[in-house]
Amino acid sequence: MDKISIIIVTYNAGEHLQACLNSIRQQPFQNLEVVVADGGSTDNTVDILRSNEDVISTWISEKDDGIYDAMNKAIALATGDWFYFIGADDTLLPDFSNMAHQLKEPHTIYYGSVLAKGGKYLGFMSPYRQAKIGICHQAMIYPKFVFSKYKFDLAYHISADHHLNMKCWLDKSINFEFVDLIIANFNHTGISSLQKDKLFEKHKAALIFKYFGLSIWARFSFRKLKAKLLNKKEDTDKLS
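In this text, residue positions in the sequence shown follow this note's numbering: the first is 1326, and each later residue adds one.
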């Protein structure tokens, strides 16, 4: 049975981390390796890591250059056949184990859904929605093959996962497969939900053109222009 490396990136997340680790410990699927990359927390995070070494395979606590630098460090430490990323303030659901049994093709990224705000998020993603919104990172399980080719680009502080998935979409050696399971409870109050990656948003149209092609770029650009014009009209109406 293939091993899944669950990667958790933390920084002063002691308030939530134990619940995340408990949800991993409770999974029926047991061939799991938990790798934690902590950014040098000053709260009780390190104490929690030390007291949970029965479920944590490897952990480090040192200064890093942000979320994706920590993820890249954790990838280098992980030894699994598959890689899954979860936030310290997220928790796994029972269907994660059911998803684990679906992992068969070593060049396929499998993705499901998560719970967010009490509802199912996001479900099946068309190529257009993948380009525009991106698959929720906590819904995805990557084959190790992906990280033999790619790492997270640290230029994108919040959306490097979206950028990575764009690269994978264009790469003909990598497939995407949707499995209709809800595998995690996603905390929608994290940085990726509350802030936008300004550099990624600046580059987004060009990245969509590069990785998804002309037709999806044209659709994205048209809808973006339409939204801009509608917002401009609403602002004008308010002033009149």
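Even for Gly, the Cβ is constructed at its ideal location relative to N, Cα and C.
Check: Roughly how many angstroms lie between the CA atoms of G1339 and L1417, to the nearest whole one?
Finding: 17 Å
In chain order, each alpha helix (DSSP H) run of at least 4 residues that lies wholly inside the segment 1372-1434: 1392-1402 and 1420-1425
key: Opening and closing residue of the beta strand (DSSP E) in which D1505 lies   = N1500 to N1510
- prompt: Cβ atoms of C1345 and I1332: under 8 Å apart, would you say?
  reply: no
message: Between which residues of its own chain and K1492 is the CB-CB distance below 8 Å, once the five residues before and five after are set aside?
response: Y1475 and Y1536
- Query: Can you tell which of D1415, G1364, R1548 and I1508 has the C-alpha that lies nearest to the C-alpha of H1426?
  - Reply: I1508
key: Beta-bridge pairing of V1360 - partner residues as DSSP gives them   = I1332 and T1383
(request) Count the other C-beta atoms from every protein chain shown that fall within 10 angstroms of the C-beta of I1483, then say buried if there are 16 or more, exposed otherwise. (result) buried
Original post:
Is there contact here, the segment 1376-1396 with the segment 1351-1364, by at least three beta-carbon pairs under 8 Å?
Top reply: yes
Practice prompt. Return yes when the Cβ of K1497 is within less than 8 Å of the Cβ of W1407, no when it is not.
Written response: no
Give me the residue from S1422, T1404 and G1405 with the minimum Cα distance to S1348. S1422
Establish whether the CB of S1498 and some CB of chain D are separated by less than 8 Å. Protein chains in the displayed structure number just one, and chain D is not present.
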